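S.K.:
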Amino acid sequence: MKTLKEGTQVPVSRSQSIRLTKIISYTFLSVIAIIMVLPLLWLVNGSLQPSWQINADPVIWIPREWLSVKAGDSERRLLLWDMQINPESKEKQEVIQIGSRRYTTVIDPGKIQGFLSVPKDQLSEAATTTIRENPVNVREWNTGSEKMPVIALARDPQQDNNLLVMPVKGNESLYSEYPLDLANKGKPGSLTIGEYEINIRNLQDGQQILAIGPESELWVVGSPEIAKKAKIVQSDRLGNKELIQVGQTQLPIYTLEGEPEDSRFVAIAQENWQPLMEQSLLADKAFIARDENLLPERETRVFNGLNMIVRSYSPPEGGEPYDVVILTPGSTEYLVISTDYMDQLYTAPISDLTEPGSVNIRTLTYRVQEDFEKAGVIVPSAFVGEIQDLSVIVPVTEVKDAVDVNPQSLERSLRVKLNLTGFQKVLTLKLSGTPFWRFFANSGYVVFMNMIGHYISCVLVAYGFARIRAPGKNMLFVLLLATMMVPYVIFVLPTYLIFRDLGLLGTMIPLWIRSFFGNAFLIFVLRQFFMTIPYDMDEAAILDGANRWQILTKIIIPLSKPALAMVGIFTFWWYWNSFLDPLIYITTQKYYTITLAMNSFNQQYARAAGYYDRILAGSVLTLMPMVILFLFAQRYFIEGIQMQGLKR
Amino acid sequence: MREKSMRKLTHLERKEAIEFYLFISPWIIGVLVFLLYPMLSSLYFSFTRYEIGGKPSWIGFDNYTDMFSDPRYINSIQVTFKFAFISVIGVTLLALLLALILSQALRGINFFRTVYFMPSVMPMVAVSLTWFYILRPDTGPLAGMLAWFGIEGPRWLGEAQWALPALMGINIWISFGSQMVIFLAGIKGIPKELYEVAEIDGAGAWAKLWNVTLPLLTPTIFLNLVLGIIGAMQVFDIPWVMTEGGPSDATRTYMIHLYNKGWVQLQMGSASAMGWILFLIIMAITLLVVRSSQAWVYYEGERQ
Chain A
7 MKTLKEGTQV PVSRSQSIRL TKIISYTFLS VIAIIMVLPL LWLVNGSLQP SWQINADPVI
67 WIPREWLSVK AGDSERRLLL WDMQINPESK EKQEVIQIGS RRYTTVIDPG KIQGFLSVPK
127 DQLSEAATTT IRENPVNVRE WNTGSEKMPV IALARDPQQD NNLLVMPVKG NESLYSEYPL
187 DLANKGKPGS LTIGEYEINI RNLQDGQQIL AIGPESELWV VGSPEIAKKA KIVQSDRLGN
247 KELIQVGQTQ LPIYTLEGEP EDSRFVAIAQ ENWQPLMEQS LLADKAFIAR DENLLPERET
307 RVFNGLNMIV RSYSPPEGGE PYDVVILTPG STEYLVISTD YMDQLYTAPI SDLTEPGSVN
367 IRTLTYRVQE DFEKAGVIVP SAFVGEIQDL SVIVPVTEVK DAVDVNPQSL ERSLRVKLNL
427 TGFQKVLTLK LSGTPFWRFF ANSGYVVFMN MIGHYISCVL VAYGFARIRA PGKNMLFVLL
487 LATMMVPYVI FVLPTYLIFR DLGLLGTMIP LWIRSFFGNA FLIFVLRQFF MTIPYDMDEA
547 AILDGANRWQ ILTKIIIPLS KPALAMVGIF TFWWYWNSFL DPLIYITTQK YYTITLAMNS
607 FNQQYARAAG YYDRILAGSV LTLMPMVILF LFAQRYFIEG IQMQGLKR
Chain B
180 MREKSMRKLT HLERKEAIEF YLFISPWIIG VLVFLLYPML SSLYFSFTRY EIGGKPSWIG
240 FDNYTDMFSD PRYINSIQVT FKFAFISVIG VTLLALLLAL ILSQALRGIN FFRTVYFMPS
300 VMPMVAVSLT WFYILRPDTG PLAGMLAWFG IEGPRWLGEA QWALPALMGI NIWISFGSQM
360 VIFLAGIKGI PKELYEVAEI DGAGAWAKLW NVTLPLLTPT IFLNLVLGII GAMQVFDIPW
420 VMTEGGPSDA TRTYMIHLYN KGWVQLQMGS ASAMGWILFL IIMAITLLVV RSSQAWVYYE
480 GERQ
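Chain order of the listed sequences is A and B.
Residue numbers for the first sequence follow my numbering, beginning at 7 and rising by one.
Residue numbers for the second sequence follow my numbering, beginning at 180 and rising by one.
1) Within its chain, find whatever has a CB closer than 7 Å to the CB of B:Tyr433; leave out the 5 residues flanking it on each side and keep chain order.
2) Could you tell me which chain A residues have their CB closer than 7 Å to the CB of B:Val414, listed as they occur along the chain?
3) Specify the secondary structure class of A:Asp550 as computed by DSSP and reduced to three states.
4) Take every Cβ of the region 303-315 of chain A, pair it with every Cβ of the region 261-268 of chain A, and state whether three or more of those distances are shorter than 8 Å.
5) Determine the chain A residues that contact B:Ile461 at a beta-carbon separation under 7 Å, and present them in chain order.
6) Spell out whether any CB of chain A is found under 8 Å from the CB atom of B:Thr293.
7) Per DSSP, what are the beta-bridge partners of A:Arg83 in this structure?
8) Which residues in chain A sit within 7 Å of B:Val300, going by Cβ to Cβ distance?
9) I think B:Asn403 touches A:Gly646, with their Cβ atoms under 8 Å apart; what is that distance to the nearest whole Å?
10) Determine which residues of the region 326-338 of chain B have a Cβ less than 9 Å from any Cβ of chain A, and write them out in chain order.
11) Any beta carbon of chain B sitting closer than 8 Å to that of A:Gly13?
12) For A:Met543, which residues does DSSP report across the bridge?
13) Could one say the Cβ of A:Ile647 lies closer than 8 Å to chain B's Cβ atoms, at least one of them?
14) Confirm, please, whether the CB-CB distance from A:Gln128 to A:Asn148 is below 8 Å.
15) Kindly indicate the opening and closing residues of the alpha helix (DSSP H) around A:Met632.
16) Checking 8 Å against the spacing of the C-beta atoms, do B:Leu281 and B:Phe291 come in under that value?
17) Determine, using beta carbons only, whether B:Tyr374 comes closer than 8 Å to chain A.
18) Mapping DSSP to helix, strand and coil, what is A:Gln164?
19) Where A:Trp518 and A:Phe643 are concerned, what is the direct C-alpha to C-alpha distance, given to the nearest angstrom?
20) With contact counted as at least three CB pairs below 8 Å, one residue from each stretch, are the region 67-82 of chain A and the region 194-213 of chain A in contact?
21) Give me, in chain order, the residues of the same chain whose beta-carbon lies closer than 8 Å to that of A:Gln350; leave out the 5 immediate sequence neighbours on both sides.
22) Just how far apart, CA to CA, sit A:Pro327 and A:Gln394?
23) Check the Cβ of A:Tyr469 against every Cβ in chain B and list those closer than 7 Å, keeping chain order.
24) In this structure, how does DSSP classify A:Thr489 when only helix, strand and coil are distinguished?
25) With a threshold of 7 Å on Cβ separation, who are the neighbours of A:Pro125 within its own chain once the five nearest residues in sequence on each side are excluded?
26) Between the region 46-62 of chain A and chain B, which residues of the former have a C-beta closer than 8 Å to a C-beta of the latter?
27) At a Cβ threshold of 8 Å, is A:Trp279 touching chain B?
28) Please classify B:Pro426: does DSSP put it in a helix, a strand, or coil?
29) For the region 372-443 of chain A, list the alpha helix (DSSP H) runs that are entirely contained and at least 4 residues long, ordered along the chain.
30) So what does DSSP say about B:Phe240, is it helix, strand or coil?
31) I'd like to know whether the C-beta of A:Gly524 is nearer than 8 Å to at least one C-beta of chain B.
32) Go to B:Trp327, then tell me how far its alpha helix (DSSP H) extends in each direction, as first and last residue.
33) Give a yes or no on whether the minimum CB-CB distance between A:Met455 and chain B is below 8 Å.
34) Starting from the C-beta of A:Phe445, find all residues in its chain whose C-beta is less than 6 Å away, skip the five residues before and the five after it, and write them out in chain order.
35) Counting contacts by CB-CB distance shorter than 8 Å, is B:Trp237 in contact with chain A?
36) Would A:Asn605 pass as an interface residue toward chain B - the criterion being a Cβ-Cβ separation below 8 Å?
What follows is the structure in structure tokens.
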């Protein structure tokens, strides 16, 4: 009776405890699921980011792009910034930077109140704070008994371990921000305060200043519309410099050689640029000229705004001399191209040309940026001629609404963007001359050959074990099962020597030929399946006069589709993923499988952040076939794994 | 003897036997050429000095004695043992726990099984590369996540004491799913009657787990421990892609050491001997597990 009574009360607490168990179970399952999924999600996410985002600190989680505008019709892009017009309404305006000026905080040294020499070790690190809208570096002076905020001014010339400081209190009105370039132009002098002599600067108007930092920057920004009128010119064409006032700062403007005297230009940026030509054009039309076939006169001529060196070339086989451009100079020979092709010359800032590869022709070497993006299309581009000092300029008449702004109040304009260039780049990439897609094809080929091998050999052998009686069969079957347990480490080296003796190293044959001799596990899978097919069907066929071969092809194989699918799927799985065998057997790059190529690609570029997008995109492409196969044929993977791991 | 038994076969039986051996001949040739011959030749090479390009010359047990005086070799054994032991235990425990939870007929079992199992089928190289970039110091996503909590993580693959644990964790992450799938099938294969009997005897959930599920699962656990150890002792892809055995040999596993001996230093004799030592180690561990299995593995035959 007692137990029954208890039993009646159980349901309430029991259903509660079941619910609790369920909650705990699901929480645990979900946590593990997140741990499993997150790395893969990150991979996909990362493959959609450009390299700089993958390598950004702090981490950028969502793929995005920095918005920019083209400078005129050049490939140079000017970054867009979001400027807050009105802090309350959060209204923003897009601007581009067109100038900047650095400032420093200065004081009038004659008005300092309370001058002290303090041991360095009693001072804390400097922290930048704002006093009456001017930034200053304040330190804490700890005498042991009391603390006092002070500002360091100079080293104590008499005591090396001391700094000359002034208290913050009482000096609040001294600070002002002053352009760094003007402050540095002041005449160096000295001033004696009490017993100390300190270095100061005397300005033209007789004012004395002491620069105490910190330095800050003001930018001149303007509407992105300005960029449309931008031109790229040789920096040495910029003439006289004048300053125009923009708010609290000034913008330098220049005259330009070859333009009317009264026109003025703002230089938005001045950088080094590299002249480029399409590598295919170079491969087709450029040639090597020996010194003796070139006239000694060199002329600098301008093509598409770029200075190139032109010499006259007399073909050794005869014919009229003509002008050629020196693309790559050497000591006795030069890579040259006829001036006819100079309309195909273009250029890019050197900062855009990361990690170029090199191409050697005889004694000459030139560099190639394989993944150069020209008007949205990837064009392998060769570096030609010499680096040019170019400026991005706009006529000052176009700069109407320029304002000065503290760059800290600007934010980069960006938007979420899934970036596919990593995939585009990896597919057009070349690893020592072999295009990357070739490695996928190689892996596909290896998988295909192994499949043929397994289908022929495993089906025959499994059929033998399943259907034909013979002495010694059971013993051989036990041997078959035993071979599954033998570790590969024991064969890996002698098998290599066998293929070496057969002269097959460096070919892809060692990666698939062994499949033509069966695979113990797949034979086992097929044999188990064949055994489930009723023997009556064989017998009926035998009565009809069918031989073994006909029974196999007409009855057994058509009825064994699931097992045959498993053979194909496992073969794909093993050989798409295999790494050690390709590493050992493949010595020529053009036969690399995808896993081998990805590894060697990573070894080459893991430290070159510019290649992260390609490595992640390549990893996604390597995973993709397996993921797709898995999602569509998961049942077979599970069944196969269970056959491997369950007690037989 | 053999002649005699052959003679006993009728004509038809003999024809059938010939057919059998014809059908399985690819495998027979495969066993002879790619199993038996390599095993024997590597046994022979292991007693020779054999540099690629040269001829093997007999040196007796020198390879075997020499390698044990190589501290890098001893280190690679230690690394491999640590890796295999902890990964196999981790994989087995996690897989068992999740299989037990999932087998409670919860909703969503297919989803969880897919998610847990997927990394096992992916190319090890691509998965290793993914983790390589996840573990990057400073700018990697793991460093970014730790930064949310104000933690500055170690340099993982760059630090000797963290590299091997990181690889073990990744190996567990990759391979516990397939193990779990096997355990799930094992649990499913336990006859329902046993649970019914246990319930009649008044067993609760825990009692059923301890007295029915786990004992009947022990043969499966046992087999997978053996397979897991064989696999983990030969680990190569993960450390090769992620660390190449570094930093300062902290992840230089047995296979990496062997690969370097054979294909970098080109000492085929010495590498063959190492292959055999690993083979013997694996066999010894397997035997040890088999021996111990008498104490903890439950075989159905025993009851009758």
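All residues carry an ideal CB built from backbone N, CA and C; glycine is no exception.
Note that this is a predicted model, so its numbers are computed, not measured.
M.R.: On the basis of the supplied data:
1) Once the five neighbours on either side are set aside, the close Cβ partners of B:Tyr433 are Ser255, Ile256, Thr259, Met412, Leu457.
2) Simply none; closest approach about 11 Å.
3) coil
4) no
5) Pro493
6) Chain A has a Cβ within less than 8 Å of the Cβ of B:Thr293.
7) A:Lys76
8) Trp579, Met632, Phe636, Phe643
9) With a Cβ gap of about 15 Å, B:Asn403 and A:Gly646 do not count as contacting.
10) Ala326
11) Annotation note: pLDDT 43 at A:Gly13 (below 50); position unreliable, coordinate value reported separately. No, its Cβ sits nowhere closer than 8 Å to a Cβ of chain B.
12) According to DSSP, A:Met543 bridges with nothing at all.
13) The Cβ of A:Ile647 sits closer than 8 Å to at least one Cβ of chain B.
14) yes
15) 618-651
16) With contacts defined as CB atoms closer than 8 Å, B:Leu281 and B:Phe291 qualify as a contacting pair.
17) So no, B:Tyr374 is outside the interface.
18) coil
19) 22 Å
20) Result no; under three Cβ-Cβ pairs closer than 8 Å.
21) Met283, Glu284, Leu287
22) 28 Å
23) Within chain B, the residues near A:Tyr469 are Phe202.
24) helix
25) Asn167, Asn168
26) Leu46, Trp48, Leu49, Gly52, Ile60, Asn61, Ala62
27) no
28) coil
29) 427-434
30) coil
31) At least one C-beta of chain B is nearer than 8 Å to the C-beta of A:Gly524.
32) 320-327
33) Closer than 8 Å: no.
34) Tyr598, Ile600, Ala603
35) no
36) yes
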